[in-house]
Structure formats: C-alpha cells, structure tokens
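K.L.:
Protein chains in written order, with my numbering: chain A, 11 to 782; chain B, 222 to 344.
Please see the structure below; I have some questions.
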Amino acid sequence: MIPKDNQYFDNWFYNHPKLMALIAFCVILFLSILIAVKDSTIKNNEKERALAQKLRRVEDNIDQILKSSYVTTLSLALTIDLEGNPKDFDEVAKKLLNSNPNINGVEMAKDGVINYVYPYERNNEALGLNVLEYEISKKEALYTIEQGKMYFAGPFYFKQKGLGIIGRLPIFIDNQFWGFSAVIIDLDTFLKKSGMRRLNKDGYHAFLSKINPNTGEREFFNAPQENFDINNAIKLRVEDAGWEIYLININHKTHYLILSPFVIFGLFLALLFAFLTFLILKKPAQLQHHIRLQTRKLLNSEIKYRAIFQEVGLSVVHLDENEQLIEVNGKFLNSTGFTFAEVTNFRFSDLIKTNHDVYSNILDHEKFEGHLICKNKSEICVRVINSTLNLNNRKTHILLIEDITEKKLSEKKLKDLRSQMEMAIRLSKLGYWEWDLASDSITWSNEMYELFGFDKNTQLTRNLIANSVHEDDVEEYEQQLRNILSTRKGSTFEGRIKTEDNKVKHMLARVDCDLNDFGELAKIKGTLLDITDKKEILINLQHSYQMVVEQNERFLNFSYIISHNLRAHSSNIQGIIELIKDIDDKEEELQMFNLLENVTKSLDETLSDLNEVVRVRQDKEGIIENVPLFPFIKKVENILKREIKVNRIYIINEIPRDATISFNSSYLESILLNIISNVIKFSNPDVKSEIKLTYQENKSYKIVKVEDNGRGMDLETNNSDILGMYSTFKDFKNSRGISLFVSNNQMQSMGGKIEVKSELTEGSEFTLYFKK
Amino acid sequence: MKICIIDDDKIYQLLMRKLISKIDANITVKVFCNGEDAFNFYKENTCTSEIILLDINMPKMNGWKFLDNIEEKKFKNSKIYLTTSSIAYSDKEKAKKYSIIEDYLVKPLTKEKIRELIKPYII
Numbered sequence: 011m012i013p014k015d016n017q018y019f020d021n022w023f024y025n026h027p028k029l030m031a032l033i034a035f036c037v038i039l040f041l042s043i044l045i046a047v048k049d050s051t052i053k054n055n056e057k058e059r060a061l062a063q064k065l066r067r068v069e070d071n072i073d074q075i076l077k078s079s080y081v082t083t084l085s086l087a088l089t090i091d092l093e094g095n096p097k098d099f100d101e102v103a104k105k106l107l108n109s110n111p112n113i114n115g116v117e118m119a120k121d122g123v124i125n126y127v128y129p130y131e132r133n134n135e136a137l138g139l140n141v142l143e144y145e146i147s148k149k150e151a152l153y154t155i156e157q158g159k160m161y162f163a164g165p166f167y168f169k170q171k172g173l174g175i176i177g178r179l180p181i182f183i184d185n186q187f188w189g190f191s192a193v194i195i196d197l198d199t200f201l202k203k204s205g206m207r208r209l210n211k212d213g214y215h216a217f218l219s220k221i222n223p224n225t226g227e228r229e230f231f232n233a234p235q236e237n238f239d240i241n242n243a244i245k246l247r248v249e250d251a252g253w254e255i256y257l258i259n260i261n262h263k264t265h266y267l268i269l270s271p272f273v274i275f276g277l278f279l280a281l282l283f284a285f286l287t288f289l290i291l292k293k294p295a296q297l298q299h300h301i302r303l304q305t306r307k308l309l310n311s312e313i314k315y316r317a318i319f320q321e322v323g324l325s326v327v328h329l330d331e332n333e334q335l336i337e338v339n340g341k342f343l344n345s346t347g348f349t350f351a352e353v354t355n356f357r358f359s360d361l362i363k364t365n366h367d368v369y370s371n372i373l374d375h376e377k378f379e380g381h382l383i384c385k386n387k388s389e390i391c392v393r394v395i396n397s398t399l400n401l402n403n404r405k406t407h408i409l410l411i412e413d414i415t416e417k418k419l420s421e422k423k424l425k426d427l428r429s430q431m432e433m434a435i436r437l438s439k440l441g442y443w444e445w446d447l448a449s450d451s452i453t454w455s456n457e458m459y460e461l462f463g464f465d466k467n468t469q470l471t472r473n474l475i476a477n478s479v480h481e482d483d484v485e486e487y488e489q490q491l492r493n494i495l496s497t498r499k500g501s502t503f504e505g506r507i508k509t510e511d512n513k514v515k516h517m518l519a520r521v522d523c524d525l526n527d528f529g530e531l532a533k534i535k536g537t538l539l540d541i542t543d544k545k546e547i548l549i550n551l552q553h554s555y556q557m558v559v560e561q562n563e564r565f566l567n568f569s570y571i572i573s574h575n576l577r578a579h580s581s582n583i584q585g586i587i588e589l590i591k592d593i594d595d596k597e598e599e600l601q602m603f604n605l606l607e608n609v610t611k612s613l614d615e616t617l618s619d620l621n622e623v624v625r626v627r628q629d630k631e632g633i634i635e636n637v638p639l640f641p642f643i644k645k646v647e648n649i650l651k652r653e654i655k656v657n658r659i660y661i662i663n664e665i666p667r668d669a670t671i672s673f674n675s676s677y678l679e680s681i682l683l684n685i686i687s688n689v690i691k692f693s694n695p696d697v698k699s700e701i702k703l704t705y706q707e708n709k710s711y712k713i714v715k716v717e718d719n720g721r722g723m724d725l726e727t728n729n730s731d732i733l734g735m736y737s738t739f740k741d742f743k744n745s746r747g748i749s750l751f752v753s754n755n756q757m758q759s760m761g762g763k764i765e766v767k768s769e770l771t772e773g774s775e776f777t778l779y780f781k782k
Numbered sequence: 222m223k224i225c226i227i228d229d230d231k232i233y234q235l236l237m238r239k240l241i242s243k244i245d246a247n248i249t250v251k252v253f254c255n256g257e258d259a260f261n262f263y264k265e266n267t268c269t270s271e272i273i274l275l276d277i278n279m280p281k282m283n284g285w286k287f288l289d290n291i292e293e294k295k296f297k298n299s300k301i302y303l304t305t306s307s308i309a310y311s312d313k314e315k316a317k318k319y320s321i322i323e324d325y326l327v328k329p330l331t332k333e334k335i336r337e338l339i340k341p342y343i344i
C-alpha cells in the first residue's frame with residue numbers, strides 16, 4: 011500500500027514539472043524564431059529581385075541615351091567637309107536635337123577648341139574654350155582621345171552654367187585627330203530620361219556616383235538627402251562613363267526579428283505549452299501527495315483503532331463466519347478469565363446464552379442481550395452490538411459486548427421502587443401532576459383524574475384546571491401560582507376544587523420546582539391530597555366550638571338577665587315581706603299587699619318575656635326557606651299602616667324585587683316589624699320622617715340596612731348595649747325594651763347579627779346581617 | 222342625717238323609705254330615679270348625704286357610668302354603697318376596682334343592715 015521510493019523517483023518527468031515546462035517553452039520559442047528568420051529571408055530576396063528589375067530598366071534607358079547620343083555625335087561628325095569644317099552645323103544640329111529628346115545641346119570642338127555650339131544662346135559662353143586645356147575637362151578629354159571611342163564626362167558644372175554631362179566622340183580624319191563632336195545633356199534631363207527620377211516617386215531612390223578624375227574623390231549626384239546605407243543599395247556600372255548607378259529602397263526599414271508575428275505568436279504558444287505541460291505534469295505529483303496524506307491518515311486510524319480495540323471499556327470480539335474467534339481484546343479476556351489460547355478452542359455460541367432458540371439467528375440481529383459464560387462458569391449479563399462485515403465475500407462479525415449486570419440490577423431496583431411508589435400513591439389517593447413549562451404540557455397521574463372526576467382522555471389545559479378551582483379560592487390559587495413562577499420555589503397551600511359532578515373537595519397542594527442547568531424554571535410538579543374529610547371534620551369541630559361558645563355566652567347572658575331582673579323582683583318581695591312582719595297598721599298592711607301585687611305582676615311579665623327568649627332558642631330548628639325580601643317589607647308596612655300614617659313616615663324601599671334570603675319566615679317578619687316599629691317610635695315629629703331600606707351582599711352576608719332621620723339615640727351616655735334586655739331610653743316610656751333584644755337573639759340563632767349606629771338628633775342606622 | 226337612693230325601682234324606693242323611717246324618723250331620704258338625674262344634680266351641688274345607695278342597672282345612665290363621671294371630691298364626706306339585686310359574680314368583681322365604693326350590698330337590705338350602716342352617724 012505504501013509506494014516505494016524508487017517507484018516514486020522513476021517518474022522523473024512528473025517530478026520536475028517546472029523544468030519540463032521550461033524546456034517546452036524553449037523548444038517552441040526556438041522553432042518559432044527559426045520560422046521567423048526563414049520568412050524574413052524570403053521576403054528580403056523578393057525585395058532584392060524587384061530592385062534589380064527596376065535597375066535593369068534604368069540600365070536599358072541609360073543605354074538608350076548613350077546610343078542616341080552616339081548616333082547624334084556621329085551624325086555631326088559626318089557633316090565635316092573636306093576642309094575639315096562642319097557643313098550646315100546649325101541646320102543639322104537643330105534637326106538632330108528635335109529628333110532626339112534625350113539631349114539638350116550639341117557642340118563641336120576642332121582640336122579641342124569649342125567653336126560650334128547649338129543652341130547658341132544657351133551655350134555661347136563655351137565658345138573658344140579649349141577642352142584639352144580646361145582644367146575641369148582636360149583629363150577626361152584626353153582619356154577619350156586615348157580610348158578612341160565615345161566617352162561621357164561629368165556630371166560637372168559647365169562653363170556656360172548648368173550641371174550636366176558631356177558625351178564626346180573623338181573624330182579622326184585619316185587617323186589624324188580632328189577634334190570632338192559632343193552632346194550636352196543636363197543632369198536633370200538625364201535623370202528624367204533614364205527613369206531614375208520617376209523611381210523616386212515610387213519609394214525608391216536611384217542616384218549616380220563617379221570618381222572625380224581631378225580630385226580622385228567619389229561624388230554623388232541626386233543622392234537622397236536622408237542618411238542612407240549604401241550597402242542596402244544595388245549598383246550598376248556604366249563603363250562608357252565611369253558611373254556607378256545606385257538604387258535603394260527608401261521605404262525599406264530595418265525589420266526587427268523580435269517584432270515578427272511569428273516570434274510573438276511563438277512566444278505565446280511557448281508560454282501556453284509550458285503552462286499546460288506544467289499542469290499536466292503536476293497532476294500526478296499532486297495525486298502522489300494526496301496518496302501520501304491518505305496513507306498517513308490510514309496509519310493514524312489504524313493506530314487509533316488498535317487503541318480503541320484494546321483500551322475501550324467494552325469487550326470487543328472479532329468472529330469469522332464459522333464463529334471462530336479471530337481476535338478479542340484484553341477487556342474480554344479480563345471479564346471472562348480466559349486466555350486467548352483457551353478462548354480460541356470455543357465457538358462463540360458456546361460462550362453465550364441467549365433467549366434466542368437457535369444460535370444461528372443471533373448474529374442476524376444487530377443488538378441482543380444474553381449471558382456470557384466465564385471460565386469459572388459464572389455468568390455476566392451482557393448487551394451485544396453486532397456489526398456484520400463482508401470481506402472478500404466472507405462474513406465477519408465485530409461484536410461489542412457491554413457488561414450490563416449492574417445496570418440490570420439497578421433497573422430491577424428502580425422497577426421495584428416504582429411499583430412500591432405507585433402502590434403508595436394509589437393507597438394514599440395522592441394525585442401527582444407535572445407541568446412542563448417549555449411545552450406547556452400537563453401530565454396527570456390516574457389519581458388526579460379521579461380527584462377531579464375527569465375522563466382520562468380529557469385534554470388538560472391550564473384554563474381547565476383554573477376553572478375547576480372553587481370560585482372563592484381562584485384568587486388565592488392564581489396568587490400562589492404567580493409566587494411560584496416568580497420565586498421559583500415550591501409551596502404548600504390548601505384550596506377547594508369543584509369536580510365535574512359539582513362536588514366541592516378540599517385539597518392540600520404541595521408544589522415543587524425543577525430548574526434547568528441555567529437556573530431557569532423548567533418544570534413545576536406536585537402532589538394533590540384530598541383532605542375534604544379532615545377539613546369537614548375540622549369545620550364541624552369549629553362550628554361546634556363556636557356554637558358552644560355562643561351558647562355559653564347566651565347562657566351567661568341569660569343568667570345575667572335572671573340575676574338582674576328576676577332577682578330585682580324577688581328582692582322586692584323579700585323586702586315587702588320583711589316590712590309586713592313589722593307592720594301593725596291594717597291600712598299600711600294593705601298598702602304593702604298592693605305593692606306585693608304590683609311586684610308579682612312585674613315578675614309575671616318578666617317571666618313571660620324570658621319565656622319568649624327561651625322560645626327563640628327552641629325555635630332555632632324552625633323551617634328555613636328561601637324567603638323573598640320585598641313582599642315581607644310590604645307586609646310589615648301594611649301591619650304598621652296606622653303608625654306610618656299617624657307619624658307621617660315616608661318609606662323609601664330600595665330592596666331589589668328578586669332579593670331572597672334563606673331564613674325562618676316568622677322570625678323575619680318579627681325582626682322587620684320590631685326594627686321598623688322601633689324606628690317609627692324614634693321618628694322626629696319636627697321634620698319629614700324618612701325610612702330608607704337598602705340591600706347589598708358581601709362574601710358571607712346578605713345585608714339589609716334600615717336608615718332613618720329620626721331623633722336618634724345617644725349610645726355613648728346611654729347603655730351602649732341597646733340590644734340587651736330591658737334597655738330603654740329617655741322618652742321611650744312605652745317600650746319595655748324587649749323587642750330589639752328578641753330580634754337580635756333571633757338573628758343570632760340564625761347565624762346573623764344586628765348592628766346599630768346612631769347619634770342623638772342624627773338619626774339611626776340598623777344593619778341586619780343575614781347569613782348566606 | 223341624710224341618705225341618698227339612686228334607683229329606678231319605684232317599689233324598692235318605697236320600701237327603703239318605709240324601712241328607714243321605721244328605724245329613725247329623723248333621717249332624710251333623697252331619691253333619684255336614674256343615674257343621669259343624680260349626675261346632673263351633683264354636677265351643681267356638693268353631696269351632703271352621708272350614705273349613698275347606688276343601683277347598677279338603670280336606664281339613661283347606669284351605676285358604673287355614674288361613678289365614672291362624678292367628681293370624687295364632691296363625695297369626700299359620703300360613703301357610696303353599691304346596692305343591686307344582681308348576685309352576678311362579674312359585678313362584684315368589677316366593684317372591687319372602684320376605690321370610691323364603700324361596699325357591695327345585695328338587695329333586699331334588711332333593717333339590721335341599714336342600722337349597721339347608719340350606726341356611726343347616730344349618737
């Protein structure tokens with residue numbers, strides 16, 4: 011799997027992608043330069059050929075000029091007569107000039123002295139000049155004679171002005187030198203006729219050069235004004251004049267090889283090739299690098315795998331398809347107590363007991379539990395995770411074996427504990443609930459449903475529960491909930507609930523809070539205990555106690571009445587009898603007996619009053635019914651019709667028509683009668699008397715208020731206990747003081763009470779509290 | 222000598238007058254029918270009666286209220302006896318709290334008892 015180094019070095023190319031790229035670059039660049047050079051050479055040759063062709067045309071023209079000049083001079087020479095003088099020179103010269111446009115003038119020089127010129131006006135200044143002696147023309151003239159043929163001298167500046175050339179033909183008569191017959195050609199004409207000037211227009215430049223025979227220096231005529239390289243020119247030699255004609259291509263510019271499109275294209279191509287080469291060659295190197303990395307990772311993984319295999323807290327077993335143990339880790343050997351050599355003698359099925367009937371099925375499962383048999387025949391409870399691998403078409407199994415003995419034990423304990431707890435909850439009728447705040451979901455134990463009388467499929471919501479709370483306890487319940495949510499602390503409180511079938515139950519709620527890792531409230535849970543029975547017993551007990559206290563109080567009250575009122579009479583009787591004993595006078599005795607009669611009458615009244623009070627007590631069990639209040643008021647008004655009329659009382663009845671109280675109806679009539687007649691008695695004759703009846707309710711009482719604007723009572727200075735027996739007031743002579751006492755007793759016996767507020771001249775206010 | 226009776230019981234008043242006149246005809250008896258009448262009188266006058274027999278249960282102003290309201294210095298020459306038909310223990314206990322009360326007497330007052338009361342004043 012690991013590539014050997016030589017293998018790696020064999021691919022030399024792949025290992026030097028940069029060098030290879032450079033080589034590719036050089037080769038392609040070199041080839042492109044080569045092509046560029048070749049191309050340039052071909053082009054140059056073509057140019058040279060074109061130049062030579064042009065030069066040939068110039069040569070032809072010059073040859074034409076020279077020939078026509080020769081013919082002209084020869085024609086002139088033929089005009090020489092026998093005396094040695096030209097005959098009709100002007101005539102002949104004119105004809106010759108007309109027929110030959112290449113020449114500008116002719117002359118004849120006998121013995122070297124110019125004596126005939128045509129056209130005269132232009133050339134007359136040359137007359138008489140001896141060319142054989144004239145410094146400028148001397149050498150060429152002599153050379154012409156020596157050569158014995160026509161020779162063109164110049165270009166030079168003529169004596170008669172103008173730059174031009176002179177073609178002289180030496181004339182020999184009878185082998186005796188006669189002189190020269192010559193043509194004058196202006197340089198300008200020469201250039202025009204030879205076609206050299208025309209070439210100038212086509213981008214070429216032709217020019218003439220000659221070694222000055224006098225100075226020996228080379229002179230150039232019609233040379234280009236710019237600098238030029240004479241080496242780039244091609245030349246033509248005209249032997250009859252000693253001229254060299256040069257032709258150069260003025261447009262010809264130096265072609266730099268580097269600018270050749272071939273080179274530029276080649277450069278790009280080379281770069282491209284170099285780059286591609288680099289890329290292509292680099293790929294294997296990258297792959298190599300990748301492989302090396304993977305190899306290292308693989309090695310690392312293998313080390314890790316080894317470490318895990320040996321050091322993991324689980325037993326690991328490697329089986330082949332025949333259940334033979336290929337490899338096991340130390341943990342397995344430690345747990346079972348076998349050595350590796352021992353363990354290889356077993357098949358895996360010999361080492362494990364499972365619920366599965368057939369072993370062959372076991373390894374089809376990904377997970378199974380069983381008992382691992384140790385060397386000492388003890389068993390370990392295990393959970394096995396089976397990974398089946400296919401290697402070269404052969405199944406192998408890697409088994410991870412976890413010792414779950416302890417887990418099983420604690421699971422069993424937990425199960426026991428749970429069943430115990432469930433039993434305890436069932437027996438104690440304790441309801442258990444949980445409220446998960448995040449999901450706002452509420453979970454109830456079965457007992458909770460029973461407590462509330464809900465069906466078990468009821469969808470539990472906070473509203474539903476809040477609605478089940480007794481209306482008088484809702485406020486307390488909400489307050490407790492707010493407290494728990496804000497303090498995140500549990501609480502214990504009592505409250506009543508109304509079950510589905512409208513039964514009221516007393517509950518003891520214990521609430522606990524579960525906080526999450528961030529200290530936030532995650533769950534609220536608690537128990538609910540039905541304490542209705544206990545509560546009712548307690549309430550009954552309290553009722554009984556209260557009743558005993560009340561009765562005790564009434565008993566004291568009663569004994570007080572007896573001690574004060576009854577004893578008053580008895581002591582009087584005693585006093586009278588005492589006196590009677592000492593009286594001798596018959597009249598006085600009679601007086602005493604009359605007195606005694608009065609006393610016994612009073613005693614009888616008191617006794618009958620007391621009897622009424624006692625009767626109230628006995629009637630306590632009288633019929634209690636729902637009594638509508640309004641008709642009773644009307645009834646009382648009717649009974650007191652006369653008193654109301656006499657005292658001109660105006661009754662304002664603000665009692666609602668539908669108001670009812672549950673009360674003994676005869677008591678109610680008696681109480682209202684007593685109170686209202688009492689109020690009428692206290693009415694103030696000086697003002698318009700009003701009695702106002704109002705009704706209201708509070709938590710535990712239905713309240714009837716009777717207010718008046720009468721004379722009122724001074725409760726401060728009079729006996730404050732106006733509801734006591736025989737409490738009487740100033741100017742209240744017709745009251746025996748028993749009615750309010752009886753009314754109050756009747757109210758008390760029904761669980762109600764009477765309150766009196768009054769001030770002298772300010773009117774009074776009786777408040778009747780009827781228990782709900 | 223003067224005896225003042227503050228009591229609403231007309232029969233008792235009559236009996237006391239008879240009894241006292243039988244003991245000593247020279248004793249003047251002054252009667253108030255309730256505490257308020259007595260209080261109003263002694264608001265203006267200093268008490269000249271040597272003995273005051275004060276009932277507890279009376280309309281308008283009872284015996285206790287009377288004792289609470291009077292100026293004690295006006296009674297410095299008088300002995301106040303609480304006389305009541307009540308044999309209630311609570312009244313007897315309450316009477317102990319009033320230093321001005323000479324004694325707590327339960328009705329009816331016998332001839333002997335009255336003699337005992339007036340004894341110091343009869344030469």
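Glycine is no exception: its CB is placed at the ideal position from the N, C-alpha and C atoms.
Bear in mind that the values here come from a model prediction, so they are computed numbers and not experimental data.
Can you tell me which residues form a DSSP beta bridge with CYS225/B?
P.N.:
LYS251/B, ILE273/B, per the DSSP bridge assignment.
K.L.:
In chain order, what residues of the same chain lie with their CB nearer than 6 angstroms to the CB of SER397/A, ignoring the 5 residues before and after it?
P.N.:
Hits under 6 angstroms: ILE408.
K.L.:
What residue does the beta strand (DSSP E) around GLN706/A start on, and which one ends it?
P.N.:
Element bounds for GLN706/A: 699-707.
K.L.:
Below 7 angstroms CB to CB, which residues in the same chain sit around ILE3/A once its five sequence neighbours on both sides are set aside?
P.N.:
What the structure shows of chain A is the stretch from 11 to 782, and residue 3/A is not part of that stretch, so it cannot be assessed.
K.L.:
Measure the Cβ-Cβ separation of VAL689/A and VAL646/A and say whether it is below 8 angstroms.
P.N.:
Cβ atoms of VAL689/A and VAL646/A: not closer than 8 angstroms.
K.L.:
State the DSSP-derived secondary structure class of THR349/A, mapped to helix, strand or coil.
P.N.:
It is coil, neither helix nor strand.
K.L.:
Against chain B, with Cβ distances strictly below 8 angstroms, would ARG577/A count as a contact?
P.N.:
Answer yes: the Cβ-Cβ gap between ARG577/A and chain B drops below 8 angstroms somewhere.
K.L.:
Less than 8 angstroms between the beta carbons of ILE411/A and VAL479/A, yes or no?
P.N.:
No, these two residues do not count as a Cβ contact at 8 angstroms.
K.L.:
If you drop the 5 nearest sequence neighbours on each side, which residues of the same chain put their C-beta closer than 6 angstroms to that of PHE742/A?
P.N.:
Its pLDDT being 40, under 50, PHE742/A is placed unreliably by the model, and the measurement read from it follows with that caveat. No residues qualify anywhere along the chain.
K.L.:
Give the list of continuous alpha helix (DSSP H) stretches no shorter than 4 residues that lie fully inside the region 567-592 of chain A.
P.N.:
List check, alpha helix (DSSP H) in window: 577-592.
K.L.:
Is GLY783/A buried or exposed, if buried means 16 or more other CB atoms sit within 10 Å of its CB?
P.N.:
Outside the displayed span of chain A (11 to 782) sits residue 783/A, for which this structure offers no information.
K.L.:
Relative to the alpha-carbon of LEU617/A, which residue among SER580/A, ILE649/A, ALA251/A, MET30/A has its alpha-carbon at the smallest distance?
P.N.:
Cα-wise, what sits closest to LEU617/A is SER580/A.
K.L.:
Please confirm if THR269/B has its CB atom under 8 angstroms from at least one CB of chain A.
P.N.:
Closer than 8 angstroms: no.
K.L.:
For SER768/A and LEU620/A, what's the separation of their Cα atoms in angstroms?
P.N.:
If I take the Cα positions, the gap works out to 27 angstroms.
K.L.:
Can you tell me whether SER299/B is helix, strand or coil according to DSSP?
P.N.:
The answer is coil: DSSP assigns SER299/B none of H, G, I, E or B.
K.L.:
Report the three-state DSSP secondary structure of LYS377/A (helix, strand or coil).
P.N.:
If DSSP states are grouped into helix, strand and coil, LYS377/A belongs with the strands.
K.L.:
With 7 angstroms as the C-beta to C-beta threshold (strictly closer), list the residues of the region 564-597 of chain A near chain B in chain order.
P.N.:
Per Cβ criterion, the list reads TYR570, SER573, HIS574, ARG577, ALA578, SER581, ASN582, GLN584, GLY585, ILE586, GLU588, LEU589, ASP592.
K.L.:
Would you call the CB atoms of ALA251/A and PHE162/A closer than 8 angstroms?
P.N.:
Yes, they are a contact pair.
K.L.:
Quick one: does VAL609/A have its CB under 8 angstroms from some CB of chain B?
P.N.:
It does: the Cβ of VAL609/A has a partner Cβ on chain B nearer than 8 angstroms.
K.L.:
Quick check for students: name the residue ranges of the alpha helix (DSSP H) that lie wholly in the region 275-299 of chain A, counting only runs of 4 or more.
P.N.:
Within the region 275-299 of chain A, no complete alpha helix (DSSP H) run reaches 4 residues.
K.L.:
Can you tell me which residues form a DSSP beta bridge with CYS523/A?
P.N.:
CYS523/A pairs with ILE534/A.
K.L.:
Among GLY213/A, ILE183/A, TYR256/A, which has the Cα closest to the Cα of GLU93/A?
P.N.:
Residue ILE183/A is the option with its Cα nearest to GLU93/A.
K.L.:
In the DSSP assignment, find the alpha helix (DSSP H) that holds THR509/A and state where it starts and stops.
P.N.:
Neither: THR509/A is in no alpha helix (DSSP H) and is coded neither H nor E.
K.L.:
So with CB distances below 7 angstroms, who are the chain A contacts of ALA309/B?
P.N.:
Correct list: TYR570, SER573.
K.L.:
Note the first and the last residue of the continuous beta strand (DSSP E) segment covering GLN186/A.
P.N.:
Note, GLN186/A: beta strand (DSSP E), 186-196.
K.L.:
Locate the alpha helix (DSSP H) running through THR497/A, then write down its first and last residues.
P.N.:
Segment 484-497, the alpha helix (DSSP H) holding THR497/A.
K.L.:
Within the same chain, show all residues whose beta-carbon is closer than 6 angstroms to that of ASP70/A, passing over the 5 residues directly before and after it, in chain order.
P.N.:
Contacts found: none.
K.L.:
Which class does ARG178/A belong to by DSSP, given the choice of helix, strand or coil?
P.N.:
Three-state DSSP puts ARG178/A in a strand.
K.L.:
Would you call the CB atoms of LEU343/A and LEU335/A closer than 8 angstroms?
P.N.:
No, these two residues do not count as a Cβ contact at 8 angstroms.
K.L.:
Taking 8 angstroms as the threshold (C-beta atoms), are ASN755/A and ARG721/A in contact?
P.N.:
Not closer than 8 angstroms, so no.
K.L.:
Nearest by alpha-carbon distance to GLY500/A: which of GLU481/A, ALA532/A, LEU470/A, VAL514/A is it?
P.N.:
Residue ALA532/A is the option with its Cα nearest to GLY500/A.
K.L.:
Can you tell me whether DSSP reads GLU131/A as helix, strand or coil?
P.N.:
In this structure, GLU131/A counts as helix in the three-state DSSP scheme.
K.L.:
Is any beta-carbon of chain A found at less than 8 angstroms from that of ILE291/B?
P.N.:
No, ILE291/B does not count as interfacial toward chain A.
K.L.:
Between the C-alpha atoms of LYS169/A and ARG59/A, what's the straight-line distance to the nearest angstrom?
P.N.:
Going by the C-alpha atoms only, they are around 41 angstroms apart.
K.L.:
Does the Cβ of THR453/A have 16 or more other Cβ atoms within 10 Å, making it buried, or fewer, making it exposed?
P.N.:
By the 10 Å Cβ count, THR453/A comes out exposed.
K.L.:
Report the three-state DSSP secondary structure of ALA309/B (helix, strand or coil).
P.N.:
Here ALA309/B sits in coil by DSSP.
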